[in-house]
Amino acid sequence: MSTIQLRTPIPGPRSRALGERRAKAVPRGLSHGTPVYVAKAEDAWLEDVDGNRYLDFAGGIGCLNVGHRRDEVLEAVRAQLDHFLHTCVQVTPYESYVRLAERLNEVTPGKFAKKTIFLNSGAEAVENAVKIARAYTKRPALIAFNDAFHGRTMMTLALTSKTHPYKAGFEPFPGDVYRIPYAYCYRCSYGLTYPSCKLTCAHALEDAFKRMVAPESVAAVNKGSLPADVLARLDAVAALLPRRPFEEPMILPFNDPDSYSGPGMANLGAGIPVGRLR
Ligand SMILES: Cc1ncc(COP(=O)(O)O)c(C=O)c1O
Numbered sequence: 001m002s003t004i005q006l007r008t009p010i011p012g013p014r015s016r017a018l019g020e021r022r023a024k025a026v027p028r029g030l031s032h033g034t035p036v037y038v039a040k041a042e043d044a045w046l047e048d049v050d051g052n053r054y055l056d057f058a059g060g061i062g063c064l065n066v067g068h069r070r071d072e073v074l075e076a077v078r079a080q081l082d083h084f085l086h087t088c089v090q091v092t093p094y095e096s097y098v099r100l101a102e103r104l105n106e107v108t109p110g111k112f113a114k115k116t117i118f119l120n121s122g123a124e125a126v127e128n129a130v131k132i133a134r135a136y137t138k139r140p141a142l143i144a145f146n147d148a149f150h151g152r153t154m155m156t157l158a159l160t161s162k163t164h165p166y167k168a169g170f171e172p173f174p175g176d177v178y179r180i181p182y183a184y185c186y187r188c189s190y191g192l193t194y195p196s197c198k199l200t201c202a203h204a205l206e207d208a209f210k211r212m213v214a215p216e217s218v219a220a221v222n223k224g225s226l227p228a229d230v231l232a233r234l235d236a237v238a239a240l241l242p243r244r245p246f247e248e249p250m251i252l253p254f255n256d257p258d259s260y261s262g263p264g265m266a267n268l269g270a271g272i273p274v275g276r277l278r
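Right under this line is the structure:
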């Protein structure tokens, strides 16, 4: 039996009927990438309510790198259901929380002491990264990059760069967020080509410290995963930042596994919503 099976026009009659119920019951603001309603999913395929079967290239937008309904994941979920479902960890903690934090700290690159907190989503992890950076440094400003996506809550929307469909109509956003071009060679903000560009984008941070925000006001720069030569340049500029109270320069690398702090999300729960902040 082939994985891909198309038995009806797409969307099929049952998906269309569900679409009509959805239009009456659910706000329009929640959009859907496809008009088909899923009935079952396994590994890398999913089947809709009309019996059509597809290869799932989206995987819950990258949340299911292990595939749908993997045995180990289902077994762990079932075992947990037999013990307890929720206590609210702030009210009553449990060993598995500590064990997962220990495991993530162990497998995360970097020779330094690490700690991990779990949150409900990627956006909540980013929100907490901002709260921690501001509370710890006692500084307000954040530097983010063009084309960044950090989530859909108000603080993460302030950090997110793309206006449509994310930001338009939801202004005003929390302040003290400054934005500079990213090292994005495919669509360079300056219309230049690497390496003859001479890393013009990397100089933007230095420029921002002169023209937008004083370095001593900056709590975090979200440097993400930048090419090594751009990072080297950024790190050199970041060295201009006051080093207290972190021992490292005031760079908060939101998605950089080699550095000391950053939120992560998506794939951690194999489909169960959970984010982490290390
Ligand atoms: C880089 C990045 N940051 C933050 C988020 C927000 O995560 P969540 O949708 O779990 O809130 C995402 C989600 O796609 C993401 O890709």
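Each residue of the sequence shown is one higher than the last, beginning at 1 in this note's numbering.
Here a beta-carbon is modelled for each residue, glycine too, at the ideal position from N, C-alpha and C.
For the 9 Å CB-CB criterion, A135 and L142 do not form a contact. The straight-line gap separating the alpha-carbon atoms of M212 and F170 is approximately 24 Å.
Comparing alpha carbon positions, the residue from F118, N105 and T3 closest to Q90 is F118. A buried status is given to M155, since no fewer than 16 other beta-carbon atoms sit within 10 Å of its beta-carbon.
By the neighbour-count criterion, in which 16 or more other beta carbons inside 10 Å mark a residue as buried, D50 falls on the buried side. Taking 9 Å as the cut-off, the Cβ atoms of T160 and H150 count as close. Between P9 and G19, the C-beta spacing is not below 9 Å.
The DSSP assignment places 203-211 as complete runs of the alpha helix (DSSP H) inside the region 182-223, in order along the chain (cut-off: 4 residues). For K24, the enclosing alpha helix (DSSP H) begins and ends at P13 to A25. Counting only runs of at least 3 residues, the region 137-165 fully encloses the following beta strand (DSSP E) elements, listed from N- to C-terminal order: 141-145.
Taking C-beta separations shorter than 7 Å and ignoring five residues to either side along the sequence, the partners of A58 in its chain run G33, following chain order. Contact annotation: Y186 and C201 have beta-carbon atoms that are not nearer than 9 Å.
The Cβ neighbour count for F145, taken over all protein chains shown within 10 Å, is at least 16; the residue is labelled buried. Per DSSP, reduced to three states, the secondary structure at V177 is strand.
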